[in-house]
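*Asks:* Take a look at the following structure, please.
Residue numbers (our numbering), protein chains in the order written: chain A, 1 to 341; chain B, 342 to 682.
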């Protein structure tokens, strides 16, 4: 029987989605490991709730949605509480901050220093301080997993690091931002200029009100940095990524490309030449010509040649899916005689 | 130190590719497991070679290419020898036979009955006798792995069974035959009628001289049956798959689809409605609209929503890639304290 007591930090869309998924998939974990995941504490930005016997995930979400917060005021800071509480895994889901990675970085370090495993969807700490936290995890013999930080539900990190163990990966290229891809797809399919396509993406809730994070390629650059570090063994931060967004892509360029049976896509790439984000011409029918909001990753290897994996890059249950898959792997590694599945 | 003594049966393109890959990746296995994979015997259709100390993979391929056979006449049948020899894993790579699954089925059963693990690229036994051999493997506590049997290098089976463990999979749809997809892509991009597109595929070595296996959807139906059994827990054979090939798809249909921004693709599908192969209209930009010879699988799930994986469906090193990944997993499961990667 494998026990897994989790602390959830960050209780916005992703946090609530993970709570719901833990509830939804309880039986699956019980069937396999003898016990489900227990949420022993949860934190939103101002309050927290805790119970050694486990909090009811449905109740937690209901309280958050109804009252706007999750429980009572914290007696200490979150890192202090993460050092003191009794749990097995921190699930860190606060918003990405690419200036100083806070508060996520402090949560992750507190948990690793306390010898706890960490699963995170937060790009900031991974795009800015990858070496530091991965070394800390190794030093304390903790798992540090972050499938949800790149490509939402798309299992690109676990695919590359678990299923392609016999491959030498020479490059990764991908559509890593659904908002940009939606805008470019609409320009091409509807002949929309840039501005109305962006407004449409905003109205549908794909783009932020300040869209710079998406369309200037910052989000893609974070993901490029994470993949470069995690899969290719590089040591880079988001600031090392050469970056051109899609502001310069006008309808004329999209139309001209279409005449040549090509599409324009914002591509993040990790190659021998370096790490870069830029709009690229892609032949129609190529795996990286996919329309809409999916994230798509094209991995070049020596034996397989090329492997493509795609999925939904955002969304409550989509991101939760990636978090759950990391939690599953951690429980599996704790089995005394763990097998492959 | 994990030892892995392999017997290779079938020494055509795939068998030779696997021998080369075992050589290429030797250091990777030594670094991780303390020992590489040793080929203790290899069989082509008429001859065999064996050595308790391990055969040199490069020499084996050189002998086969130079002399047309691998060694000396067999004293017994292959199943008899597989029952008698000392080894850990059978790698079964004889050609697919969808009439009676022979000779592959006899090799696989002999190895499983002797308590050996099995890795195979051979669709016949899996598309005709899946339950029988998977039960036999379970009874003898043996691994039976077959990533290479569907989609060549594409890790669709291992992705679904290992990385999507928390997902409820409701359907799988895919482009599972590169030859058909090549023909349909060329009809659309070059305005080629059916016949010259097929001849082109044959000249490039994609299609068989008797192309029926590809274009009548038989190959796709085999893969549909395997995925239905292995991932969806069905109990079907290739004969249960409703099947329409691409012979009826003319240039007019392809052109008409293009006017509506759609493409025609031969899609294999496993849904709640059943198992089927048929040409389908796919919107341009959809993951299943990909051109060329790649195999693409679209998996519908409850949390992730949709996951797509694609890769090269055939080829010497591509198929070897899938075999190697299965061999890696088997070695990993033998580690006393095996971890996730």
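By construction, the Cβ of each residue, glycine as well, lies at the ideal position given by its N, Cα and C atoms.
Kindly list the residues whose CB is nearer than 7 angstroms to the CB of residue 561 of chain B, restricted to its own chain and excluding five residues on each side of it in sequence; keep chain order.
*Replies:* Here residue 561 of chain B is taken as the residue at index 220 of the second chain, counted from 1. Closer than 7 angstroms at the Cβ level, and outside the excluded window around residue 561 of chain B, lie 517, 518, 607, 609 and 618.
*Asks:* So with CB distances below 9 angstroms, who are the chain B contacts of residue 154 of chain A?
*Replies:* Taking the first residue of the first chain as position 1, residue 154 of chain A is located at position 154. Simply 645, 648 and 649.
*Asks:* Using Cβ-Cβ distances below 9 angstroms, what residues of the region 311-326 of chain A are close to chain C?
*Replies:* Included in the structure are the protein chains A and B, with no chain C among them.
*Asks:* Out of A:245, A:3 and A:53, which has the shortest C-alpha to C-alpha gap to residue 181 of chain A?
*Replies:* The residue you call residue 181 of chain A lines up with position 181 of the first chain. The shortest C-alpha separation from residue 181 of chain A is found at A:245.
*Asks:* Mind checking residue 342 of chain B: buried by the 16 CB within 10 Å criterion, or exposed?
*Replies:* Mapped onto the second chain, residue 342 of chain B falls at position 1. The residue is exposed, with fewer than 16 neighbouring Cβ atoms inside 10 Å.
*Asks:* For residue 236 of chain A, which of A:259, A:156 and A:125 has the nearest alpha-carbon?
*Replies:* As a working mapping, residue 236 of chain A is identified with position 236 in the first chain. For the residues A:259, A:156 and A:125, the minimum Cα distance to residue 236 of chain A belongs to A:125.
*Asks:* Any C-beta of chain B sitting closer than 8 angstroms to the C-beta of residue 165 of chain A?
*Replies:* The sequence position of residue 165 of chain A within the first chain is 165, counting from 1. Yes, its Cβ sits closer than 8 angstroms to a Cβ of chain B.
*Asks:* Quick one: measure Cβ to Cβ for residue 527 of chain B and residue 536 of chain B, integer angstroms, because I've assumed they're closer than 8 angstroms.
*Replies:* One-based indexing of the second chain puts residue 527 of chain B at position 186. One-based indexing of the second chain puts residue 536 of chain B at position 195. The Cβ separation is near 11 angstroms, so there is no contact.
*Asks:* If the cut is a Cβ gap below 7 angstroms, which residues of chain A does residue 362 of chain B touch?
*Replies:* Within the second chain, numbered from 1, the residue matching residue 362 of chain B stands at position 21. Residues of chain A passing the Cβ test: 303.
*Asks:* Could you check whether residue 110 of chain A and residue 83 of chain A sit closer than 8 angstroms to each other, using their CB atoms as the reference points?
*Replies:* Locating residue 83 of chain A in the first chain gives position 83, where the first residue counts as 1. Locating residue 110 of chain A in the first chain gives position 110, where the first residue counts as 1. Result yes, Cβ atoms of residue 83 of chain A and residue 110 of chain A sit closer than 8 angstroms.
*Asks:* Based on Cα-Cα distance, which residue from B:385, B:457 and B:507 lies nearest to residue 26 of chain A?
*Replies:* Here residue 26 of chain A refers to the residue found at position 26 of the first chain. Ranking the options by Cα distance to residue 26 of chain A, first place goes to B:507.
*Asks:* Expressed to the nearest angstrom, what Euclidean distance is found between the alpha-carbon atoms of residue 350 of chain B and residue 490 of chain B?
*Replies:* In the second chain, residue 350 of chain B corresponds to position 9, counting from 1. In the second chain, residue 490 of chain B corresponds to position 149, counting from 1. Here the alpha carbon of residue 350 of chain B sits roughly 15 angstroms from the alpha carbon of residue 490 of chain B.
*Asks:* Kindly confirm or deny that the region 129-144 of chain A and the region 309-325 of chain A touch, where touching means at least three C-beta pairs closer than 8 angstroms.
*Replies:* no
*Asks:* When you compare the region 226-234 of chain A with the region 149-160 of chain A, are there three or more beta-carbon pairs, one atom per stretch, that lie closer than 8 angstroms?
*Replies:* yes
*Asks:* Could you run through the region 275-293 of chain A and flag, in chain order, every residue whose CB is less than 9 angstroms away from some CB of chain B?
*Replies:* So the list reads 283, 284, 285, 286, 287, 289, 290, 291 and 292, given in the order they occur along the chain.
*Asks:* Unbroken alpha helix (DSSP H) runs of length 4 or more, entirely within the region 25-96 of chain A: which are they?
*Replies:* 26-33, 57-67 and 78-84
*Asks:* Note down, in chain order, every chain A residue with its Cβ under 7 angstroms from the Cβ of residue 366 of chain B.
*Replies:* Counted from its first residue, the second chain places residue 366 of chain B at position 25. The contacting residues are 166.
*Asks:* Going along the chain, which residues of the region 220-237 of chain A sit with their C-beta nearer than 9 angstroms to a C-beta in chain B?
*Replies:* none
*Asks:* Please report the residue range of the alpha helix (DSSP H) in which residue 109 of chain A lies.
*Replies:* Residue 109 of chain A sits at position 109 when you count from the first residue of the first chain. Unbroken alpha helix (DSSP H) run through residue 109 of chain A: 104-113.
*Asks:* Let's test the definition: count the other Cβ atoms within 10 Å of the Cβ of residue 677 of chain B and tell me whether it reaches 16, buried, or not, exposed.
*Replies:* Numbered from its first residue, the second chain carries residue 677 of chain B at position 336. Per the 10 Å Cβ criterion, exposed.
*Asks:* Looking at C-alpha atoms only, which residue of B:417, B:641, B:456 and B:356 is the closest neighbour of residue 310 of chain A?
*Replies:* Taking the first residue of the first chain as position 1, residue 310 of chain A is located at position 310. It is B:641 whose Cα lies nearest to the Cα of residue 310 of chain A.
*Asks:* Of the choices A:191, A:290, A:297 and A:263, whose alpha-carbon is the least far from that of residue 224 of chain A?
*Replies:* Walking along the first chain from the start, residue 224 of chain A turns up at place 224. Residue A:297 is the option with its Cα nearest to residue 224 of chain A.
*Asks:* Taking just the CA atoms, how far does residue 222 of chain A sit from residue 649 of chain B?
*Replies:* The residue given as residue 649 of chain B occupies position 308 in the second chain. The residue given as residue 222 of chain A occupies position 222 in the first chain. Computed Cα separation, rounded: 23 angstroms.
*Asks:* Using beta carbons (cut-off 8 angstroms, strictly below), is residue 503 of chain B in contact with chain A?
*Replies:* On the second chain, residue 503 of chain B is found 162 positions in, with the first residue counted as 1. Cβ-Cβ to chain A under 8 angstroms: yes for residue 503 of chain B.
*Asks:* If you draw a straight line from the alpha carbon of residue 347 of chain B to that of residue 432 of chain B, how long is it in whole angstroms?
*Replies:* Residue numbering aside, residue 347 of chain B sits at position 6 when the second chain is read from its first letter. Residue numbering aside, residue 432 of chain B sits at position 91 when the second chain is read from its first letter. Going from the Cα of residue 347 of chain B to the Cα of residue 432 of chain B covers about 7 angstroms.
*Asks:* By Cβ distance below 6 angstroms, which residues in the same chain neighbour residue 602 of chain B in space, the five residues on each side in sequence not counted?
*Replies:* To locate residue 602 of chain B, count along the second chain from 1; it is residue 261. So the qualifying residues of the chain are 625.
*Asks:* Measure how close the beta-carbons of residue 108 of chain A and residue 118 of chain A come, nearest whole angstrom, since I'm counting them as under 8 angstroms.
*Replies:* Counting from 1 along the first chain, the entry for residue 108 of chain A is found at position 108. Counting from 1 along the first chain, the entry for residue 118 of chain A is found at position 118. Going by Cβ atoms, the distance from residue 108 of chain A to residue 118 of chain A rounds to 5 angstroms, so yes, they are a contact pair.
*Asks:* Which residues in chain B have a C-beta closer than 8 angstroms to the C-beta of residue 177 of chain A? List them in chain order.
*Replies:* Within the first chain, the letter at position 177 stands for residue 177 of chain A. What residue 177 of chain A touches in chain B: nothing, since even the nearest Cβ is about 16 angstroms away.
*Asks:* Straight-line CA distance for residue 390 of chain B to residue 288 of chain A?
*Replies:* One-based indexing of the second chain puts residue 390 of chain B at position 49. One-based indexing of the first chain puts residue 288 of chain A at position 288. Spanning the alpha carbons of residue 390 of chain B and residue 288 of chain A requires a straight line of approximately 45 angstroms.
*Asks:* Suppose you measure from the CA of residue 632 of chain B to the CA of residue 281 of chain A; what does that come to, to the nearest Å?
*Replies:* As a first step, residue 632 of chain B is located in the second chain; it is residue number 291 there, counting from the start. As a first step, residue 281 of chain A is located in the first chain; it is residue number 281 there, counting from the start. Going by the C-alpha atoms only, they are around 16 angstroms apart.
*Asks:* Where in the region 135-193 of chain A do unbroken runs of the alpha helix (DSSP H), each at least 4 residues long, occur, reported from the N-terminal end onward?
*Replies:* 178-190
*Asks:* Helix, strand or coil for residue 650 of chain B per DSSP?
*Replies:* One-based indexing of the second chain puts residue 650 of chain B at position 309. In the structure shown, residue 650 of chain B sits in a strand (DSSP, three-state: E or B).
*Asks:* Suppose you measure from the CA of residue 551 of chain B to the CA of residue 509 of chain B; what does that come to, to the nearest Å?
*Replies:* Stepping through the second chain from its first residue, residue 551 of chain B is reached at position 210. Stepping through the second chain from its first residue, residue 509 of chain B is reached at position 168. Taking the straight line from one Cα to the other gives about 39 angstroms.
*Asks:* Can you tell me where the alpha helix (DSSP H) holding residue 565 of chain B begins and where it ends?
*Replies:* The residue you call residue 565 of chain B lines up with position 224 of the second chain. Segment 559-571, the alpha helix (DSSP H) holding residue 565 of chain B.
*Asks:* Within the continuous alpha helix (DSSP H) that includes residue 674 of chain B, where are the two ends?
*Replies:* The residue labelled residue 674 of chain B in the question sits at position 333 within the second chain. Where residue 674 of chain B is concerned, the enclosing alpha helix (DSSP H) starts and stops at 657-675.
*Asks:* Can you grab the Cα-Cα spacing for the pair residue 45 of chain A / residue 371 of chain B, in whole Å?
*Replies:* On the first chain, position 45 is the one that residue 45 of chain A refers to. On the second chain, position 30 is the one that residue 371 of chain B refers to. Going by the C-alpha atoms only, they are around 48 angstroms apart.
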